[in-house]
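Student:
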Ligand SMILES: NC(=O)c1ccc[n+]([C@@H]2O[C@H](COP(=O)([O-])OP(=O)(O)OC[C@H]3O[C@@H](n4cnc5c(N)ncnc54)[C@H](O)[C@@H]3O)[C@@H](O)[C@H]2O)c1
């Protein structure tokens, strides 16, 4: 089913997608816009296409003042922001014995600290505005089962799941849901420089469905969680892995 034949669920809704300049986040932004949302992307990079966006705001998720100012600019553009998605992230493929402290910190800074900063500023806005908000953080299958040569990345994504669970516990009384999505392998710019055809064949064989994920697979669940149908789900870490992970 394509986005064009799905009934619009988000007409006029303000949505912020951090990391929406590329890959999974870019598709999430497109799918929300296709269903009538007004979407602002926060990213340190510029999107390849922004015709469907209400705004693009340059922000570095590692920098507290940049996140605060970027989110405030998004609120100014959109009025209210009941839906916030964090798809920003970076990856590192390096064995434990070759991962420096600087490598470790760089990955935690974007993936864990960035998720904390964005979740906090989004929650403050939703509570202040009395919005029954939806926060969706993109974690990874690595959060649950690790991954060889992903020591820093897997730890950072486990933090994303933990942040989402704690935020869900604390924000439920305000009617705000917070969930994490754990994708498996989705061929995007991320990891493209190290991804071989052999890797792709091997990863496909790990899924009962025999294929890798697509940005649309992740976007579909994101929109579900932000829609009325997702209103009784919170604190979850949901796999979109083609069955590679089942817990
Ligand atoms: N592609 C996969 O196989 C896969 C699998 C599991 C989880 N994920 C997660 O999904 C999310 C999206 O990944 P993707 O595959 O679309 O990658 P991508 O590289 O295409 O997109 C990541 C986006 O995050 C932005 N970003 C990175 N650091 C930032 C910062 N400090 N401040 C602001 N923006 C920043 C980038 O500019 C980019 O637009 C990431 O969190 C990633 O860890 C991806």
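Numbering (the UniProt record's numbering), first residue to last: 1 to 247. Note that CB positions come from ideal geometry on N, CA and C, so glycine has one too.
Report all residues from its chain with a CB closer than 6 Å to the CB of residue 328; omit the five preceding and five following residues, and keep chain order.
Tutor: Because the chain in this structure spans residues 1 to 247, residue 328 falls outside the shown range and cannot be described.
Student: If you draw a straight line from the alpha carbon of residue 108 to that of residue 178, how long is it in whole angstroms?
Tutor: Each residue's alpha carbon lies about 20 Å from the other.
Student: Let me check one thing: in DSSP terms, what residues is residue 86 bridge-paired to?
Tutor: The partner list for residue 86 (beta bridge, DSSP) reads 18, 137.
Student: Work out the CA separation of residue 84 and residue 135 for me, nearest whole Å.
Tutor: If you take the alpha carbons of residue 135 and residue 84, they lie about 5 Å apart.
Student: DSSP three-state call for residue 1: helix, strand or coil?
Tutor: Because residue 1 carries a pLDDT of 48, less than 50, the predicted location of this residue cannot be relied on, and the following value inherits that uncertainty. Residue 1 falls in the coil class under three-state DSSP.
Student: Just list the residues that DSSP pairs residue 94 with in beta bridges.
Tutor: Paired residues: 150.
Student: Between residue 52 and residue 21, what straight-line distance do the alpha-carbon atoms span, to the nearest angstrom?
Tutor: Their Cα atoms are separated by approximately 12 Å.
Student: When you compare only the Cα positions, how much space is there between residue 50 and residue 56?
Tutor: Taking the straight line from one Cα to the other gives about 8 Å.
Student: Since residue 215 is in the alpha helix (DSSP H), which residue starts that stretch and which ends it?
Tutor: From DSSP, the alpha helix (DSSP H) with residue 215 extends over 215 to 226.
Student: Between residue 217 and the rest of its own chain, which residues show a CB-CB distance below 6 Å, the 5 nearest in sequence each way excluded?
Tutor: Result list for residue 217: 240, in chain order.
Student: Would the region 31 to 38 and the region 213 to 233 be scored as touching if the rule is three or more Cβ pairs under 8 Å?
Tutor: Enough Cβ pairs lie closer than 8 Å, so yes.
Student: Can you find at least 3 beta carbon pairs, one from the region 206 to 216 and one from the region 168 to 177, that sit closer than 8 Å?
Tutor: Output reads no: the region 168 to 177 does not touch the region 206 to 216.
Student: Taking only three categories from DSSP, how would you classify residue 10?
Tutor: The answer is coil: DSSP assigns residue 10 none of H, G, I, E or B.
Student: DSSP state of residue 109, grouped into three classes?
Tutor: Three-state DSSP puts residue 109 in a helix.
Student: Assuming residue 54 contacts residue 44 under a Cβ cut-off of 8 Å, what Cβ separation, rounded to an integer in Å, is found between them?
Tutor: Not quite, the Cβ-Cβ distance comes to about 19 Å (not below 8 Å), so this is no contact.
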